[in-house]
Amino acid sequence: MVAAHLACFERGHIADGFIATEPHWIDVCVAHPGILYFRVVVEGKSAHAGRGHLGVNAAVEAAPHHQACWGAL
Numbered sequence: 057m058v059a060a061h062l063a064c065f066e067r068g069h070i071a072d073g074f075i076a077t078e079p080h081w082i083d084v085c086v087a088h089p090g091i092l093y094f095r096v097v098v099e100g101k102s103a104h105a106g107r108g109h110l111g112v113n114a115a116v117e118a119a120p121h122h123q124a125c126w127g128a129l
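Its first residue numbered 57, the sequence shown is counted upward by one per residue in the working numbering.
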């Protein structure tokens, strides 16, 4: 159920809330699952394999930021 709502969110459909019919919740309550969404843009520079030293690998540049974000949570 939650996966369906997340799929809608990822497609740009926004709602103020939703009803989750999870079997382990006994009472009706207002809750927040603690999900955090953010977007990080890291720029790289393409280069020919023979001149890789002229390029910038965006994945390598993103790694410290990824670790910093997860360490802060």
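Just so you know, even glycine gets a beta-carbon here, dropped at the ideal spot from N, CA and C.
All values derive from a computational prediction rather than experimental measurement.
Excluding its 5 nearest sequence neighbours in each direction, valine 112 has C-beta neighbours in its own chain below 7 angstroms: Gly100 and Lys101, listed in chain order. Taking the Cα of histidine 122 as reference, the smallest distance to any Cα among Leu110, Arg107, Val97 and Gly106 is reached at Val97.
Cysteine 64 has its alpha-carbon roughly 8 angstroms from the corresponding atom of isoleucine 70. Judged by DSSP in its simplified three-state form, valine 116 adopts helix.
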